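Visitor: This is the structure I have questions about; it appears just below.
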Amino acid sequence: MINLFSYNSINQHKNTIKKINEMYKHIKSYPDVLLAEQTIKLKKMLSSSDIKNKKILTEAFATLKEAIFRATNLELFDVQLLGGIILNNGNIAEMKTGEGKTLVALLPAYLNSLLDEGVHIITVNDYLAERDANLAKKIFSYLDIEVGLITQTTTSKERMNEYKCDITYITNSELGFDYLRDNMAIHQNDIIQNVFSYAIIDEVDSILIDEARTPLIISGATKIQKNFYHNAEEVSKVLEKNIDYNVDEKSKNTILTAQGINKCEKILNINNLYDIENPWIKYIINSLKAKELFLKNKDYIIKDNQITIVDEFTGRIMIGRRWSDGLHQAIEAKENIDIEAENKTLASITYQNLFLLYKKISGMTGTAKTEEEEFNNIYKMNVINIPTNKKCLRKDMPDLVYKNEYVKWQSIAHECLDMYKIGRPTLIGTTSIHKSELLSTMLKELEVPHNLLNAKPENIIQESKIILEAGRKNTITIATNMAGRGTDIILGGNIEKIIEEEIKEYIKETFNNVENDLNDTKINSIIKKIKLYSTNNIEDQKLIKLNKIYNELEKKYTKLCKNEKDYILNLGGLYVIGTERHESRRIDNQLRGRSGRQGDKGTSRFFLSLQDNLFRIFGGNKIENIINNLNIDNNAPIESILLTKSLDAAQKKVEAYFYDIRKQLFEYDEVIHNQRKAIYKERKKILTHVFTRDCIIEYGEQTIKEMLNIYFKNKKEEKILKEIIKLLNIKTDTQELANMGSIQLKSYLNEQLRISYDLKEVYLEQLRPGLIRQLEKYYLLQQIDQAWQEHIDKMSLLKEYIGWRSYGQQDPLVEYKNEAFNLFINMITYIRQTVIYLVMRSRLIIEP
2 MINLFSYNSI NQHKNTIKKI NEMYKHIKSY PDVLLAEQTI KLKKMLSSSD
52 IKNKKILTEA FATLKEAIFR ATNLELFDVQ LLGGIILNNG NIAEMKTGEG
102 KTLVALLPAY LNSLLDEGVH IITVNDYLAE RDANLAKKIF SYLDIEVGLI
152 TQTTTSKERM NEYKCDITYI TNSELGFDYL RDNMAIHQND IIQNVFSYAI
202 IDEVDSILID EARTPLIISG ATKIQKNFYH NAEEVSKVLE KNIDYNVDEK
252 SKNTILTAQG INKCEKILNI NNLYDIENPW IKYIINSLKA KELFLKNKDY
302 IIKDNQITIV DEFTGRIMIG RRWSDGLHQA IEAKENIDIE AENKTLASIT
352 YQNLFLLYKK ISGMTGTAKT EEEEFNNIYK MNVINIPTNK KCLRKDMPDL
402 VYKNEYVKWQ SIAHECLDMY KIGRPTLIGT TSIHKSELLS TMLKELEVPH
452 NLLNAKPENI IQESKIILEA GRKNTITIAT NMAGRGTDII LGGNIEKIIE
502 EEIKEYIKET FNNVENDLND TKINSIIKKI KLYSTNNIED QKLIKLNKIY
552 NELEKKYTKL CKNEKDYILN LGGLYVIGTE RHESRRIDNQ LRGRSGRQGD
602 KGTSRFFLSL QDNLFRIFGG NKIENIINNL NIDNNAPIES ILLTKSLDAA
652 QKKVEAYFYD IRKQLFEYDE VIHNQRKAIY KERKKILTHV FTRDCIIEYG
702 EQTIKEMLNI YFKNKKEEKI LKEIIKLLNI KTDTQELANM GSIQLKSYLN
752 EQLRISYDLK EVYLEQLRPG LIRQLEKYYL LQQIDQAWQE HIDKMSLLKE
802 YIGWRSYGQQ DPLVEYKNEA FNLFINMITY IRQTVIYLVM RSRLIIEP
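Counting with my numbering, you get residues 2 to 849 for the letters of the sequence shown.
As structure tokens, this is what we get:
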């Protein structure tokens, strides 16, 4: 079925693409100097026009197309230009694997960088950020555009400079943490980010959908409660599943039964497990989750005697990341590993609200159409399918379903054996480390050579090499989730990379004894020189020799890889096997998309069993009944259109379920996000203003107003007047004040506040010039940060128990908004009063 929106969008840009190509032919004749001057010319055009001006877009895209050609010898296809236009309009370009998304992102990045507000290109990991930034630097060197790169290893000082670049490559998590750290800074010079103008998000579905379930959190350590974790672990061992507690795999939660509650109370010798003064319930629930829902070699691995999380979407390990709210500690107790301190949330934000801070966002991916509604509702982005440059020839075969899971794995292993015998490259996608290792063991028994790629450190080192080999003859590759791997599988092998590997080995063997400092960086630099210059330009005899070897290898592998590719295409291209349907059709499509790159032939097929998670958790009895009614032998696979439809329905159900979770997270976080923006705005005002006195006076007058309201409301209670006098640190008779009217009393107290503060300022300025300003800033920031952290904790607790309101026929979200508003007002009042008290009553002793 043709999506009319996509079809019309594509049609309306035909003329623009035609004009870009006409301009490109004209710009081709420009020397390098004139090409570089295009940036200044376009900036001048923009100063008297608008970014939406089609003339500027046409010339900017044509200029970049030529810069790409000069740097890489690649000429952009029309569909890539179309992708660039879609991105520039703030939408999502759905482009299949191997269609050149990396280059497409550069088109709108260049155009928007001309505004001098900075463009952020966001990737899912450091490897991709670094790889893409290096390519961009090469291309933009022709256009005098500065490209920045931020990874986990970039220092604060370096980050400041990288953010100032025209275009900055960064991962989603680094961007989020920098934002939170900036809003915890205690000095203006510590702020590293600039304005959030325009973001292009690579693998947009992975970042805005998959990762949107978990907020970004900056934590601080709290006291370790080792006994609680170990004791709760012992209790969880005694409790029996389906008797003392039930497991809800859908929501990844455990629920104690009445019998379980009684058992816990007896073991722990307490009266009420759910008493608010009693801490045990949190620890026991986390221990049960660790026992039932978080599995070793699936959700985490043990590396360097630490629990290391495995990303469920990409299969990568997440070093330095920890589960919050005591769950990580519960898993440490389960695995008998040293328990680290639990974390206290200092600042947090969801990816939804982080990216909504930008004036404009756009994204690219191979799979987004299934989540179009969510992209539209939350981010106001449409998903537009970009046609492939060459027609996709991949065949997606019907699923094969087995009654027994072990029979399924046997069938997959024998399928791999058959493919190995005929030489057809095969990629098998698994959902966990445990399953990938099970298949690996089975293939070893069948004596089938294969490569294994999962989150274990020894396999990660080989990652790019394994993916590079995956398209070659007789290659069987097992990999956990393939999302965001960022390396194309090329049939017959990637000629350039194969030559590079051979040259590296040759350099190591030949020159290692001569040059002691021969490391990977130096070897890469040598290879770069070989590729850049012909032998005529090289005087170094060593490089001349290497250049000749490089040219010989190029001839050899060009022929060899072409023959190999033709052979594989005759067999049907890359064969992709899925071993389990994922909770989202999108992740399945990512795996399928590894085959059929750039018009190549290919095949995909899923081998499933009734014990798979999707069947068990979401399929219900319907699918099992269909299979039982067919009355088929246990070892025989079932291939049925009805079954495939039921599976699709189950996946849609899962997608809807997780969309509701993300939507709920977004709606609840929207409440705290508005409060966050107000607090961060106030912090920024304090950090950037030199004269913070105005802020203190404003806080004081607001405090006087609030306290006087209470005073008159409580029929002129003398105690409140005494509190105001104490707070403002003024000497006056309460009886005299009691006789005043509301307007007179307010004016008098405001005047006294100013006089008292002037005296304080004069006194402190005599002690040390500038001291009062430092003191003001310190007290303001200290109290805002402290109160905000406590507020986050209160909001987290409020969110946990507000759900119970639904039992009283109340809307939990409405109740949450009301209570959150009251908590926020109380926090603001507390900040103001505490700051005034500290500033007005502090006594300083200056030591010589």
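Even for Gly, the Cβ is constructed at its ideal location relative to N, Cα and C. The structure presented is a predicted model; accordingly, all values stated were derived computationally and were not measured.
Under the rule that 16 or more other beta-carbon atoms within 10 Å means buried, what is Arg769, buried or exposed?
Guide: Counted from its first residue, the sequence shown places residue 769 at position 768. With fewer than 16 Cβ atoms within 10 Å of its Cβ, Arg769 is classed as exposed.
Visitor: Leaving out five residues on either side along the sequence, give the residues of the same chain with a beta carbon under 8 Å from the beta carbon of Asp339.
Guide: Position 338 of the sequence shown, counted from the first residue, corresponds to residue 339. Asn306 and Glu333, listed in sequence order.
Visitor: Per DSSP, which residues does Glu95 bridge with? Please list them.
Guide: Here residue 95 corresponds to residue number 94 of the sequence shown, with the count starting at 1. Partner(s): Thr366 and Asn386.
Visitor: According to DSSP, simplified to helix, strand and coil, what is Arg606?
Guide: Translated into the one-based positions of the sequence shown, residue 606 becomes position 605. Here Arg606 sits in strand by DSSP.
Visitor: If the criterion is Cβ atoms closer than 8 Å, does the pair Asp183 and Arg160 meet it?
Guide: Indexing the sequence shown from 1 puts residue 183 at position 182. Indexing the sequence shown from 1 puts residue 160 at position 159. No, they are not a contact pair.
Visitor: Comparing C-alpha positions only, which one of Leu814, Glu752, Leu688 and Lys778 sits nearest to Asp191?
Guide: Position 190 of the sequence shown, counted from the first residue, corresponds to residue 191. Looking at the Cα atoms, Leu688 is the closest of the given residues.
Visitor: Closest to Asn635 by CA distance: which of Lys664, Met382, Asn405 and Thr431 is it?
Guide: One-based indexing of the sequence shown puts residue 635 at position 634. The candidate whose alpha carbon is nearest that of Asn635 is Asn405.
Visitor: Identify every run of the alpha helix (DSSP H) within the segment 649-726, keeping only runs that are complete inside it and at least 4 residues long; order them along the chain.
Guide: With a minimum length of 4 residues, the continuous alpha helix (DSSP H) runs that stay inside the segment 649-726 are 694-714.
Visitor: What residue range is occupied by the uninterrupted alpha helix (DSSP H) comprising Thr1?
Guide: Because the chain in this structure spans residues 2 to 849, residue 1 falls outside the shown range and cannot be described.
Visitor: Do three or more CB pairs link the segment 127-141 to the segment 64-72 at distances below 8 Å?
Guide: In short, these stretches touch, since the Cβ pair count reaches three.
Visitor: Suppose contacts are defined by Cβ-Cβ distances below 8 Å. Is Tyr568 in contact with Lys474 by that definition?
Guide: The count along the sequence shown starts at 1 and reaches residue 568 at position 567. The count along the sequence shown starts at 1 and reaches residue 474 at position 473. For Tyr568 and Lys474, yes; Cβs fall inside 8 Å.
Visitor: Report all residues from its chain with a CB closer than 6 Å to the CB of Ser433; omit the five preceding and five following residues, and keep chain order.
Guide: In the sequence shown, the residue the question calls residue 433 occupies position 432. Answer for Ser433: Lys299, listed in chain order.
Visitor: Quick test of your reading: Ser412 and Tyr403, contact by CB under 8 Å. State the CB separation rounded to the nearest angstrom.
Guide: Counting from 1 along the sequence shown, the entry for residue 412 is found at position 411. Counting from 1 along the sequence shown, the entry for residue 403 is found at position 402. Right, the Cβ-Cβ distance comes to about 7 Å (below 8 Å), so this counts as a contact.
Visitor: Is it buried or exposed, His929, if we count other Cβ atoms within 10 angstroms and call 16 or more buried?
Guide: With the chain covering only 2 through 849, there is no way to say anything about residue 929.
Visitor: Using CA atoms only, rank isn't needed, just tell me which of Phe356, Leu746 and Val691 is closest to Leu709.
Guide: Numbered from its first residue, the sequence shown carries residue 709 at position 708. Closest by alpha carbon: Leu746.
Visitor: Leaving out five residues before and five after Leu772 in sequence, what residues of the same chain have Cβ atoms less than 6 Å from its Cβ?
Guide: What you label residue 772 is simply residue 771 of the sequence shown in a count that begins at 1. Excluding positions up to five away in sequence, the list reads Leu765.
Visitor: Mark Tyr407 as exposed unless 16 or more other C-beta atoms lie within 10 angstroms of its C-beta, in which case mark it buried.
Guide: Residue mapping note: residue 407 aligns to position 406 of the sequence shown, counting from 1. That one is exposed.
Visitor: Could you say which of Leu814, Trp789, Glu234 and Leu776 lies nearest to Ser843 if we only look at CA atoms?
Guide: The residue labelled residue 843 in the question sits at position 842 within the sequence shown. Per the Cα distances, Leu776.
Visitor: Does DSSP put Ser157 in a helix, in a strand, or in coil?
Guide: Within the sequence shown, residue 157 is the residue found at index 156, counting from 1. In the structure shown, Ser157 sits in a helix (DSSP, three-state: H, G or I).
Visitor: What is the DSSP secondary structure of Gln307, counted as helix, strand or coil?
Guide: Stepping through the sequence shown from its first residue, residue 307 is reached at position 306. It is a strand residue.
Visitor: What do you reckon, are the CB atoms on Ile387 and Ile87 nearer than 8 Å?
Guide: For the purposes of this step, residue 387 is taken as residue 386 along the sequence shown, with counting starting at 1. For the purposes of this step, residue 87 is taken as residue 86 along the sequence shown, with counting starting at 1. For Ile387 and Ile87, yes; Cβs fall inside 8 Å.
Visitor: What residue from Lys566, Asn590 and Leu554 has the CA that sits closest to Pro426's CA?
Guide: Numbered from its first residue, the sequence shown carries residue 426 at position 425. Of Lys566, Asn590 and Leu554, the residue nearest in Cα terms is Lys566.
Visitor: Would you list, in sequence order, the uninterrupted beta strand (DSSP E) runs of no fewer than 3 residues that lie entirely inside the segment 149-215?
Guide: The qualifying runs are 168-172 and 199-203.
Visitor: With 16 as the cutoff for other CB atoms within 10 Å, does Val105 come out buried or exposed?
Guide: Residue numbering aside, residue 105 sits at position 104 when the sequence shown is read from its first letter. Buried, since its Cβ has 16 or more Cβ neighbours within 10 Å.
Visitor: Quick one: what does DSSP say Ala348 is sitting in, helix, strand or coil?
Guide: As a position in the sequence shown, residue 348 is number 347, starting the count at 1. Strand at Ala348.
Visitor: Return yes when the Cβ of Met365 is within less than 8 Å of the Cβ of Asp203, no when it is not.
Guide: The sequence position of residue 203 within the sequence shown is 202, counting from 1. The sequence position of residue 365 within the sequence shown is 364, counting from 1. Closer than 8 Å, so yes.
Visitor: Return yes when the Cβ of Glu234 is within less than 8 Å of the Cβ of Lys335, no when it is not.
Guide: Residue numbering aside, residue 335 sits at position 334 when the sequence shown is read from its first letter. Residue numbering aside, residue 234 sits at position 233 when the sequence shown is read from its first letter. Cβ distance < 8 Å, so Lys335 and Glu234 count as in contact.
Visitor: Which word fits Asp1, buried or exposed, when buried means at least 16 other C-beta atoms lie within 10 angstroms of its C-beta?
Guide: Because residue 1 is not part of the residues shown, which for the chain are 2 to 849, the question remains open.
Visitor: Would you mind stating whether Thr604 and Met398 have Cβ atoms separated by less than 8 Å?
Guide: Your numbering for residue 604 matches position 603 in the sequence shown. Your numbering for residue 398 matches position 397 in the sequence shown. Against a cut-off of 8 Å, the Cβ pair of Met398 and Thr604 comes out as a contact.
Visitor: Classify Glu656 as buried or exposed, calling it buried when 16 or more other Cβ atoms lie within 10 Å of its own Cβ.
Guide: Locating residue 656 in the sequence shown gives position 655, where the first residue counts as 1. Flag for Glu656 reads buried.
Visitor: State the start and end residues of the unbroken beta strand (DSSP E) segment that holds Tyr246.
Guide: Along the sequence shown, read from residue 1 onward, the residue named residue 246 stands at position 245. Counting along the chain, the beta strand (DSSP E) containing Tyr246 begins and ends at Tyr246 to Asp249.
Visitor: If you run the structure through DSSP and keep just helix, strand and coil, what is Ala61?
Guide: Here residue 61 is taken as the residue at index 60 of the sequence shown, counted from 1. DSSP places Ala61 in helix when its eight states are reduced to three.
Visitor: With burial defined as no fewer than 16 other Cβ atoms inside 10 Å of the residue's Cβ, what is the status of His329: buried or exposed?
Guide: Start at 1 with the first residue of the sequence shown, and residue 329 comes out as number 328. Buried is the call here.
Visitor: For the beta strand (DSSP E) that contains Val449, what are its first and last residues?
Guide: Taking the first residue of the sequence shown as 1, we reach residue 449 at position 448. Looking at the DSSP string, Val449 is not in any beta strand (DSSP E), and its letter there is neither H nor E.
Visitor: Under a three-way DSSP split, which group does Phe6 fall into?
Guide: The sequence position of residue 6 within the sequence shown is 5, counting from 1. Note that Phe6 has pLDDT 45, beneath the 50 cutoff, so the model's placement of it is unreliable and the number below is only indicative. The answer is helix: DSSP assigns Phe6 an H, G or I state.
Visitor: Tell me whether His1 sits in a helix, a strand or coil according to DSSP, three-state version.
Guide: No information on residue 1 is available, as it lies outside the stretch 2 to 849 that the chain covers here.
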